[in-house]
Structure formats: structure tokens, C-alpha cells
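Read through the structure below, which is laid out as C-alpha cells, and then see the notes.
Protein chains: 4
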Amino acid sequence: MTQTPDDDFKIDLRSDVTVELVKHSASDADVLFAARVSTVGEQSLDELNKDPERSKGLINFLLRDRHGSPFEHNSMTFFINAPIFVFREFMRHRVGWSYNEESGRYRELQPVFYVPDESRKLVQQGRPGKYVFVEGTPAQHELVGRAMEDSYRQAYQTYRQMLAAGVAREVARSVLPVGLYSSMYATCNARSLMHFLGLRTQHELAKVPSFPQREIEMVGEKMEAEWARLMPLTYAAFNANGRVAP
Amino acid sequence: MTQTPDDDFKIDLRSDVTVELVKHSASDADVLFAARVSTVGEQSLDELNKDPERSKGLINFLLRDRHGSPFEHNSMTFFINAPIFVFREFMRHRVGWSYNEESGRYRELQPVFYVPDESRKLVQQGRPGKYVFVEGTPAQHELVGRAMEDSYRQAYQTYRQMLAAGVAREVARSVLPVGLYSSMYATCNARSLMHFLGLRTQHELAKVPSFPQREIEMVGEKMEAEWARLMPLTYAAFNANGRVAP
Amino acid sequence: MTQTPDDDFKIDLRSDVTVELVKHSASDADVLFAARVSTVGEQSLDELNKDPERSKGLINFLLRDRHGSPFEHNSMTFFINAPIFVFREFMRHRVGWSYNEESGRYRELQPVFYVPDESRKLVQQGRPGKYVFVEGTPAQHELVGRAMEDSYRQAYQTYRQMLAAGVAREVARSVLPVGLYSSMYATCNARSLMHFLGLRTQHELAKVPSFPQREIEMVGEKMEAEWARLMPLTYAAFNANGRVAP
Amino acid sequence: MTQTPDDDFKIDLRSDVTVELVKHSASDADVLFAARVSTVGEQSLDELNKDPERSKGLINFLLRDRHGSPFEHNSMTFFINAPIFVFREFMRHRVGWSYNEESGRYRELQPVFYVPDESRKLVQQGRPGKYVFVEGTPAQHELVGRAMEDSYRQAYQTYRQMLAAGVAREVARSVLPVGLYSSMYATCNARSLMHFLGLRTQHELAKVPSFPQREIEMVGEKMEAEWARLMPLTYAAFNANGRVAP
Numbered sequence: 028m029t030q031t032p033d034d035d036f037k038i039d040l041r042s043d044v045t046v047e048l049v050k051h052s053a054s055d056a057d058v059l060f061a062a063r064v065s066t067v068g069e070q071s072l073d074e075l076n077k078d079p080e081r082s083k084g085l086i087n088f089l090l091r092d093r094h095g096s097p098f099e100h101n102s103m104t105f106f107i108n109a110p111i112f113v114f115r116e117f118m119r120h121r122v123g124w125s126y127n128e129e130s131g132r133y134r135e136l137q138p139v140f141y142v143p144d145e146s147r148k149l150v151q152q153g154r155p156g157k158y159v160f161v162e163g164t165p166a167q168h169e170l171v172g173r174a175m176e177d178s179y180r181q182a183y184q185t186y187r188q189m190l191a192a193g194v195a196r197e198v199a200r201s202v203l204p205v206g207l208y209s210s211m212y213a214t215c216n217a218r219s220l221m222h223f224l225g226l227r228t229q230h231e232l233a234k235v236p237s238f239p240q241r242e243i244e245m246v247g248e249k250m251e252a253e254w255a256r257l258m259p260l261t262y263a264a265f266n267a268n269g270r271v272a273p
Numbered sequence: 028m029t030q031t032p033d034d035d036f037k038i039d040l041r042s043d044v045t046v047e048l049v050k051h052s053a054s055d056a057d058v059l060f061a062a063r064v065s066t067v068g069e070q071s072l073d074e075l076n077k078d079p080e081r082s083k084g085l086i087n088f089l090l091r092d093r094h095g096s097p098f099e100h101n102s103m104t105f106f107i108n109a110p111i112f113v114f115r116e117f118m119r120h121r122v123g124w125s126y127n128e129e130s131g132r133y134r135e136l137q138p139v140f141y142v143p144d145e146s147r148k149l150v151q152q153g154r155p156g157k158y159v160f161v162e163g164t165p166a167q168h169e170l171v172g173r174a175m176e177d178s179y180r181q182a183y184q185t186y187r188q189m190l191a192a193g194v195a196r197e198v199a200r201s202v203l204p205v206g207l208y209s210s211m212y213a214t215c216n217a218r219s220l221m222h223f224l225g226l227r228t229q230h231e232l233a234k235v236p237s238f239p240q241r242e243i244e245m246v247g248e249k250m251e252a253e254w255a256r257l258m259p260l261t262y263a264a265f266n267a268n269g270r271v272a273p
Numbered sequence: 028m029t030q031t032p033d034d035d036f037k038i039d040l041r042s043d044v045t046v047e048l049v050k051h052s053a054s055d056a057d058v059l060f061a062a063r064v065s066t067v068g069e070q071s072l073d074e075l076n077k078d079p080e081r082s083k084g085l086i087n088f089l090l091r092d093r094h095g096s097p098f099e100h101n102s103m104t105f106f107i108n109a110p111i112f113v114f115r116e117f118m119r120h121r122v123g124w125s126y127n128e129e130s131g132r133y134r135e136l137q138p139v140f141y142v143p144d145e146s147r148k149l150v151q152q153g154r155p156g157k158y159v160f161v162e163g164t165p166a167q168h169e170l171v172g173r174a175m176e177d178s179y180r181q182a183y184q185t186y187r188q189m190l191a192a193g194v195a196r197e198v199a200r201s202v203l204p205v206g207l208y209s210s211m212y213a214t215c216n217a218r219s220l221m222h223f224l225g226l227r228t229q230h231e232l233a234k235v236p237s238f239p240q241r242e243i244e245m246v247g248e249k250m251e252a253e254w255a256r257l258m259p260l261t262y263a264a265f266n267a268n269g270r271v272a273p
Numbered sequence: 028m029t030q031t032p033d034d035d036f037k038i039d040l041r042s043d044v045t046v047e048l049v050k051h052s053a054s055d056a057d058v059l060f061a062a063r064v065s066t067v068g069e070q071s072l073d074e075l076n077k078d079p080e081r082s083k084g085l086i087n088f089l090l091r092d093r094h095g096s097p098f099e100h101n102s103m104t105f106f107i108n109a110p111i112f113v114f115r116e117f118m119r120h121r122v123g124w125s126y127n128e129e130s131g132r133y134r135e136l137q138p139v140f141y142v143p144d145e146s147r148k149l150v151q152q153g154r155p156g157k158y159v160f161v162e163g164t165p166a167q168h169e170l171v172g173r174a175m176e177d178s179y180r181q182a183y184q185t186y187r188q189m190l191a192a193g194v195a196r197e198v199a200r201s202v203l204p205v206g207l208y209s210s211m212y213a214t215c216n217a218r219s220l221m222h223f224l225g226l227r228t229q230h231e232l233a234k235v236p237s238f239p240q241r242e243i244e245m246v247g248e249k250m251e252a253e254w255a256r257l258m259p260l261t262y263a264a265f266n267a268n269g270r271v272a273p
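Okay, here's the thing in C-alpha cells:
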């Protein structure tokens with residue numbers, strides 16, 4: 028994060044996204060409870076824990092044969108910071124996701140903007156559906172860093188100028204770029220998260236190829252890391268079955 | 028619950044439903060966190076608790092003006108026992124609900140059946156959309172109790188007979204009545220629960236009339252009692268605003 | 028369909044299900060329009076029809092790489108007659124499906140019941156998740172036919188007896204079996220229908236095995252036949268890609 | 028629309044949104060068919076048309092008592108042109124809506140931008156939940172028009188500069204503002220549209236106040252006009268019942 032002074036504001040340039048697991052009620056046992064009601068009725072946690080190999084096998088079977096509903100009786104809430112263009116893609120996920128995002132109508136938005144760092148491949152090759160990304164040259168990185176910063180600063184200055192003149196926030200924000208950071212609470216369950224991860228991450232174990240934009244994949248990877256800790260058996264089965272959501 | 032012996036099985040007759048709150052991650056603070064991200068960004072729990080009157084006012088405002096999404100970042104899982112005809116209505120609720128029910132394909136179903144008790148009004152008057160229920164006579168109650176028990180026992184006997192002859196459970200169950208008890212896990216959030224309660228309970232504070240079947244209302248009342256304890260401010264605001272889900 | 032006289036009613040026994048395509052707004056062009064807005068903006072139908080091979084390729088690509096949303100901008104409404112136990116499974120499909128079913132609260136239900144015909148395999152072998160169905164013996168078929176009819180008639184007689192005594196329909200129906208026929212309007216789109224078909228039909232082209240109950244599969248096959256006529260390119264691509272919904 | 032020449036591109040400035048009804052399968056009869064299956068079973072169109080007053084009464088009853096599902100068996104597809112900040116709000120509507128939007132990953136985005144015209148109230152007064160908008164002064168309008176145009180042009184120039192240097196579209200677009208026009212197909216049904224209109228339009232008949240941003244309301248008004256023509260009885264009942272979606 029670098030801070031650039033200006034007349035009366037300074038803009039922050041960031042290359043990362045942040046994901047915080049705010050709260051959760053999610054464990055592999057939730058899947059087992061729900062699945063076993065179909066076959067043996069309600070069970071105690073003791074019974075569930077009696078035979079770990081059997082539990083592993085059941086979760087694997089559910090994922091393989093696409094019995095999706097047992098993976099819905101759990102809940103994870105994330106607090107996410109990322110550029111608007113990431114949230115635009117994120118909110119295309121409608122089922123099993125709940126969102127509350129910072130509002131440009133109710134708040135003055137802060138000057139925090141995205142610039143790709145050196146690890147971000149800048150050049151797209153191939154054709155739709157088969158894009159490959161390759162490294163940018165130092166000159167390209169230099170251009171992107173400088174051009175973005177200038178453009179962001181100018182846009183934010185215009186925003187501030189309109190606010191100062193008494194123009195409503197919801198009108199003035201029109202000039203703010205999709206590289207501006209926003210924040211939101213997003214709540215999901217293991218099933219809807221698996222669906223997200225199947226589409227928004229690339230992974231060597233994936234049976235079906237995905238071509239996510241890198242920045243939303245970064246969010247996905249961080250959510251995945253949290254989820255893997257909460258539901259290790261489910262996570263292992265997801266990978267073992269080609270990362271296709273049931 | 029009465030048990031009636033028979034050749035080789037006894038049937039249970041019940042008039043109640045049961046609802047157990049299995050797990051939850053649900054509090055009024057979840058609503059406040061999500062709502063305030065729109066206006067002031069992420070906040071600590073301390074800040075949230077600083078001004079209880081303000082919290083109450085915010086939740087009330089959200090409900091009144093139908094800002095529904097802040098009520099979705101929470102989760103409640105219920106284990107429910109009720110007759111099949113209740114579950115048939117229950118599963119019409121698609122959004123914000125997850126279900127896993129006992130399966131007549133995987134399990135031999137147990138002979139537990141519903142009969143209305145004396146408190147159940149047996150007689151329907153009026154026309155569609157304006158039905159009123161009135162007390163049944165003792166003779167009607169006597170008839171219903173006896174006729175149902177006979178019919179249930181005969182149906183279950185037929186079921187057992189087919190199973191004994193090697194017929195698949197999923198075929199044999201065709202004769203089992205919708206008064207048979209089933210069980211399921213149902214997971215929801217405060218918003219989807221409010222929607223359910225608005226339609227499936229009658230209440231003097233309701234702005235819009237509802238005409239639920241009594242048996243699903245009994246399930247609704249038990250879920251409502253659990254939820255009211257978990258999220259008292261939200262519950263109060265739901266009632267204060269005419270029990271219309273946002 | 029056979030009709031059996033009785034005191035004052037006769038019951039119908041059926042072994043089939045019916046599916047009528049009531050209305051639709053669904054064609055392969057709907058998929059193409061929606062998909063191409065991503066890449067080339069709005070297009071005329073003429074442009075779309077110019078290059079059929081390209082259209083076929085695009086639909087195939089969308090299905091293969093799980094770009095599901097272009098398959099949602101279309102609509103099919105079916106009128107379906109089937110036993111209650113089929114509708115119980117059907118309504119587990121929540122997303123992209125709308126339902127309106129005949130109500131046992133508002134109508135006196137008619138005595139039409141399901142009995143499996145000779146083509147229905149009656150005997151289940153193996154264990155959960157790996158069930159195989161094999162032919163029933165003539166004796167088993169004879170038993171099932173006779174036992175079901177007797178049980179259905181007795182249940183319906185009890186229903187009528189309670190109605191005659193002034194008991195509300197919604198109470199009296201408790202004794203009616205899940206083999207009773209009901210009817211409903213069900214509206215879906217190509218994406219939600221593919222999801223249904225992937226789970227509720229068995230097919231040699233399916234990449235993932237499914238074990239649907241035969242009776243819901245019969246409904247699925249009839250919907251599939253209608254859909255295949257409306258959207259032949261999409262249908263071919265669904266089969267070519269292992270019958271996994273995008 | 029004014030066009031401003033530049034080095035090698037010219038930007039379009041617009042103040043309107045456009046909504047085209049691309050296709051539809053939607054009529055009041057669809058509601059009646061679906062509703063009557065509950066009470067009298069399948070009916071012919073002739074029967075439905077026999078008694079127009081009764082039809083009107085039934086639709087009114089359904090809306091008043093929140094029987095929402097009969098309003099889902101219909102479909103409307105719109106092609107919409109509007110600024111990104113409108114689509115950001117639009118896509119918060121998850122249930123009963125399908126979207127396909129122009130993609131900044133697959134296409135070079137065109138320089139068409141939003142500026143408010145004289146009818147747009149520029150100044151926000153009051154506090155969250157009770158905002159009122161009042162006229163801007165000529166000086167404010169002049170500032171907004173000029174500042175936005177300058178900022179948009181500079182941002183688009185930066186975008187073009189990065190593209191010219193070989194930077195991927197998905198990276199370069201970070202600098203583009205949310206006032207940029209995008210286009211999408213959006214498919215809904217009468218129920219999900221009513222929900223949208225209840226929240227995203229202000230109307231003297233509304234029982235519950237809404238405070239939509241003017242630009243999304245403009246989209247809503249145009250969709251409403253199309254829908255009112257297709258389903259006049261449903262539309263009248265929506266207004267008569269306070270514009271609350273069932």
C-alpha cells in the first residue's frame with residue numbers, strides 16, 4: 028500500500044484483496060447429520076463420530092453423486108475488501124449467497140484503488156473461451172501503474188469537486204472507476220461456496236476448466252483457505268471429485 | 028401418544044408436531060453489522076452495543092422500509108417432526124430454505140400417524156379465501172379418531188405385506204397416507220423465516236390476513252418461539268411492522 | 028385405466044403419468060442472443076442465423092465450460108399429472124422452477140391412484156447409492172395390484188365418510204395415500220430443466236450416474252421430449268457433454 | 028446524445044436509459060390458469076374468458092392475500108442500456124431474474140457515458156432513510172456536465188492507451204467509471220418484476236415508501252409500461268393493492 032499526497036486528499040493504491048471470516052456455523056458433522064436423516068433418522072454427535080472412515084466415505088459419495096442438499100445446512104459470513112469490478116462478478120452468484128455492500132448513496136467513498144502488482148499477468152492471448160495470460164513487460168507494468176494512478180486521482184478529484192459543490196453523492200460517484208475498493212458482507216453455505224470456487228478458481232484438480240479473472244480468484248482462494256479449515260472432509264471430497272459442486 | 032398393538036406392529040397416533048433448534052448462528056448484532064456496512068463501514072461489536080436505542084431504531088427502519096438483505100446473514104437449523112401433508116406445504120418455500128428429509132426410498136417408514144386432538148377445529152365454513160374453522164362435535168371427533176386409526180392401520184399393514192413379499196420400499200409406500208409422520212432438517216435465515224411466518228401463522232398483529240392450515244401453523248409457532256429468543260429486537264420489529272417480511 | 032365400481036364412487040387405477048406443454052417461449056436463438064451480448068452486443072436474428080455451425084459451436088462451448096446463464100432466458104410451462112410421491116420429489120427442485128398444484132384444502136380430491144404396470148421393476152437390490160432394480164415375479168405383481176387397490180379404496184372410502192360427516196377436506200385428506208394422483212403447472216427454463224434431467228433420468232450418455240425413482244423419471248422423459256423439439260441444438264449439446272447442467 | 032471529437036475517439040454523453048421488450052410469454056390468463064388448478068383443476072381458455080369480472084376478482088384476491096406463485100408462470104425478456112451503477116443495483120435482485128451482460132473481459136468497451144439532464148434533481152437533503160432530492164442550480168448543472176465529461180474522457184483515454192500498449196481489456200478497464208453505459212438481457216416474471224417495481228419506483232399508490240435512485244427508477248418505469256400492456260388486470264391489481272409484490 029502506497030499513499031500519495033494531494034491537495035486535500037491522498038489516494039491509496041493496493042494490489043491485494045482481503046477476506047475475513049466474520050462468523051460461521053459450519054462443520055463436516057452438519058453434512059453427516061443432514062445426510063443420515065434420509066437413511067437412519069436423527070443421530071447423536073457421538074454416533075456420527077464413531078466411525079470416521081464411514082463419515083469420509085459418505086461425504087465422498089454425496090459429492091460424487093451430486094446429492095447437494097446436505098451441504099447447505101451450514102453458514103459462513105465473510106467480510107471482503109476488493110475492487111468494484113470484482114464485486115460485479117461476485118454478485119452474479121445469486122443462489123445461496125447473501126450480500127450487503129457499502130453504498131455510494133449513503134457514504135462518501137474513500138480513495139482506495141486497485142493497481143496490479145508484478146505477479147499479475149497483464150497480457151491476454153488467444154480467443155474467447157481459450158484465453159491465456161502471459162507476463163507483462165516492465166514497460167507495460169510501469170505504464171499501467173502510472174496511468175492508473177493518474178486516472179484514479181483525477182477521477183477522485185472530480186468526485187470531491189462535485190461533492191464540495193453540493194452535488195449528491197449518488198450523482199457524483201458516476202465518475203468513480205470500477206477499480207475503486209468497496210467492502211461487503213457475504214454469507215454462503217458449503218454448496219454455494221463450492222459452486223463459486225468451481226467457476227472462480229483455476230486448480231489442477233479441476234475436471235472442468237475455468238478462466239476466472241485473477242482478482243476474483245484471489246478472493247476465492249482466501250475464502251477457500253478458511254473453508255478448508257472448517258470442513259476438512261468436505262473440502263477433501265470436493266478436490267477428490269474434480270472440484271465440481273454437487 | 029397412544030400405542031395400539033397389532034399382529035406384528037403397533038401404530039403410534041400423535042396430535043402434535045415437534046421442532047428442535049439443532050444449531051444456529053443468529054443474533055440481532057448480525058443484522059446491525061450487515062446494515063451498517065452500507066453507511067459507516069465495518070464496526071466492532073463494542074460500537075454496535077454502545078447505543079441500544081439506536082440499534083432498535085435501525086432494525087425497525089430496515090423492516091419498515093423493506094431492506095431485507097441485512098436479515099439474511101444468520102442461520103438456524105431446525106429438526107422437525109410432522110405429518111407429510113405439513114411437509115408438502117412447507118417445501119413450497121423455496122428461497123432461503125434448505126431441506127433434508129427422511130426418505131421412503133432408503134428407509135422402512137415407521138407407523139406413526141396424525142390424528143387431530145380436541146383442540147383442532149374440524150369444520151370449515153365459508154368460501155375459498157375466506158374460510159373459517161369452527162369446533163367439531165364430539166361425534167365428529169369420535170368418527171375422525173376411529174376412522175383415521177382404522178385406515179392408517181390397514182394402509183400400514185398393506186405396506187408391510189408388500190415389503191414382506193420382497194417389493195421395493197419406494198413402490199410399497201404408495202399406499203401410505205399423507206398423515207404419516209416424517210422428519211427433516213430445515214435451515215433458514217431470519218428473512219426467509221419471517222416470510223414463512225407471515226404466510227403460515229395467524230396473528231392479531233398481522234397487517235395482511237393469512238389462512239394457514241393449523242398443523243403447519245403449529246410448526247411455525249414453535250420455530251417462532253425459538254427465533255424470538257435468538258433475535259429479540261428483530262422479532263419485536265417484525266411484530267411492530269405488521270408481520271410482513273421485508 | 029380401469030374403473031372399479033363401489034357404493035357411490037369408483038376408483039381409477041393408472042400406471043402412467045401425463046405431461047402437456049401448455050405454453051413456451053423457448054428456442055436455441057434465445058441462448059445465442061444472450062451469450063453474444065457478452066462479446067459482440069445485441070444482434071439481429073438474421074445475423075444469428077447466418078452461420079449455423081458457429082451457433083452450434085457456441086452452444087456447445089457454453090455447456091462444456093458451464094456458462095449457465097444464457098440458458099435461462101426462455102420459459103416452458105408444463106401441466107403434469109402424477110402421483111403425490113412424484114410431486115414430493117419434484118418440489119425439491121427450488122431454483123428456476125415455479126409450481127401451482129391442485130389443493131386438497133380447496134377441492135375434494137378425486138379417486139385416481141397409481142399402480143405399477145408390468146414394465147415397472149419391483150425389486151430393489153444392493154445398498155444405498157448403488158441400488159439396482161430387477162423384475163418382479165408375476166406373484167409380486169399380482170399382490171401389488173390387488174393390495175394397492177384394496178388399500179386405496181378403503182382409504183378413499185374413509186375420506187368420503189369423513190367429508191359426509193362434515194369434516195373439513197384438509198383434515199379428512201390425512202388418510203389419502205401418496206399414490207393418489209395430483210396435477211400441477213410447473214414452469215422452468217432450459218437451465219433448470221437440464222438440472223432436473225441430470226438428476227431425475229438415467230441415460231447412457233450421462234457422465235455422472237443417477238438413480239431416480241422410475242415414476243419421476245417418466246415425467247422427466249416426457250418433458251425432455253418436448254424440450255428436445257423446442258431447442259434441438261441445446262439438447263444435442265446437453266447430451267454431447269454428459270448431461271450435466273451448466 | 029452529443030458527440031465530442033477527440034484524437035482518435037469521440038465520446039457519447041447520454042442522459043437516458045433504454046428498455047426494449049425483446050420477447051415475452053405473459054398474459055393475465057397465465058395467472059388464472061395457474062390459480063384455478065388449486066380449486067377447479069385444468070380449464071380451457073374459453074372457460075377462463077367466460078366471466079371477466081370473476082377473473083378480475085380472482086387476480087385481485089391473489090395479490091391482496093399474497094398468493095404469489097400464480098404470478099410466476101410467465102416470462103418477459105428485456106434488453107436494457109444503462110450506466111454500470113444502475114446495473115450494480117439491478118443485480119442485487121437475485122430471485123426470479125436472469126441476466127446476461129456485456130463483458131469488459133471479452134469486448135473493448137465503447138465510450139458512452141451518463142450525465143444527468145436538467146430534470147435530474149442534483150441535491151440530496153435529509154438523512155439516511157429519509158432523503159429528499161431537490162433541484163440543482165444552473166451552476167451545479169453546468170459543473171456536473173463539464174466535470175463529468177472531462178473525467179470520462181480522460182478515463183477512456185487512459186483505457187485506450189493501455190489497450191494500445193497491449194494490456195488486457197480486463198486489466199485496463201479498472202479505470203473506467205461506473206457512469207459508463209453497459210447493456211444486458213434481463214428475464215423475469217410478473218412476480219419478480221412486481222418485487223423490483225415495489226422497491227425501485229416511487230408511486231403515489233405505494234403503501235410502503237421507496238427511495239430508489241432516479242436512474243434505476245427510469246429503467247423500472249419503462250419495464251412497467253411494457254408489462255402493463257401485457258397483463259392489464261394484474262397491473263391494475265398491483266396498483267390497487269399498494270404496489271406490494273405478493
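In order, the protein sequence lines correspond to chains V, F, Y and D.
If you're matching positions, the first sequence starts at 28 in this note's numbering and goes up one per residue.
If you're matching positions, the second sequence starts at 28 in this note's numbering and goes up one per residue.
If you're matching positions, the third sequence starts at 28 in this note's numbering and goes up one per residue.
If you're matching positions, the fourth sequence starts at 28 in this note's numbering and goes up one per residue.
C-beta atoms are modelled at their ideal positions from N, C-alpha and C, and glycine is treated no differently.
Alpha-carbon spacing of residue i relative to residue j, whole angstroms
{"i": "Asp-57/Y", "j": "Gly-193/D", "result": "34 Å"}
{"i": "Pro-143/V", "j": "Asp-39/V", "result": "13 Å"}
{"i": "Glu-251/F", "j": "Leu-224/Y", "result": "37 Å"}
{"i": "Ser-52/V", "j": "Val-122/Y", "result": "24 Å"}
{"i": "Ser-237/V", "j": "Asp-92/Y", "result": "7 Å"}
{"i": "Tyr-179/F", "j": "Pro-138/F", "result": "8 Å"}
{"i": "Thr-185/V", "j": "Val-171/D", "result": "9 Å"}
{"i": "Ala-255/V", "j": "Tyr-158/V", "result": "29 Å"}
{"i": "Cys-215/Y", "j": "Ala-61/Y", "result": "17 Å"}
{"i": "Val-198/F", "j": "Pro-165/Y", "result": "15 Å"}
{"i": "Ala-272/Y", "j": "Gln-152/Y", "result": "29 Å"}
{"i": "Gly-84/D", "j": "Glu-128/Y", "result": "20 Å"}
Start and end residues, beta strand (DSSP E) containing residue i
{"i": "Gln-152/F", "result": "150-152"}
{"i": "Arg-200/D", "result": "Segment: none, Arg-200/D is in no beta strand (DSSP E) and carries neither H nor E."}
{"i": "Glu-47/F", "result": "45-52"}
{"i": "Tyr-133/Y", "result": "It is not in any beta strand (DSSP E) - Tyr-133/Y carries neither H nor E in the DSSP assignment."}
Check whether residue i and residue j have beta carbons under 8 Å apart
{"i": "Ser-23/D", "j": "Tyr-141/D", "result": "Because chain D is modelled from 28 through 273, residue 23/D falls outside the range shown and cannot be assessed."}
{"i": "Thr-104/F", "j": "Val-49/F", "result": "yes"}
{"i": "Ser-125/V", "j": "His-230/F", "result": "no"}
{"i": "Arg-241/D", "j": "Arg-147/D", "result": "yes"}
{"i": "Pro-204/Y", "j": "Leu-190/F", "result": "no"}
{"i": "Ala-233/V", "j": "Gly-206/V", "result": "no"}
{"i": "Arg-200/V", "j": "Phe-112/D", "result": "yes"}
Counterpart residues of residue i in DSSP-defined beta bridges
{"i": "Ala-213/D", "result": "Phe-105/D and Tyr-126/D"}
{"i": "Phe-160/F", "result": "Gln-151/F"}
Residue range of the unbroken alpha helix (DSSP H) whose run includes residue i
{"i": "Val-246/F", "result": "241-257"}
{"i": "Leu-232/D", "result": "Neither: Leu-232/D is in no alpha helix (DSSP H) and is coded neither H nor E."}
{"i": "Met-189/Y", "result": "165-191"}
{"i": "Pro-97/F", "result": "Premise fails: Pro-97/F is in no alpha helix (DSSP H) and is neither H nor E."}
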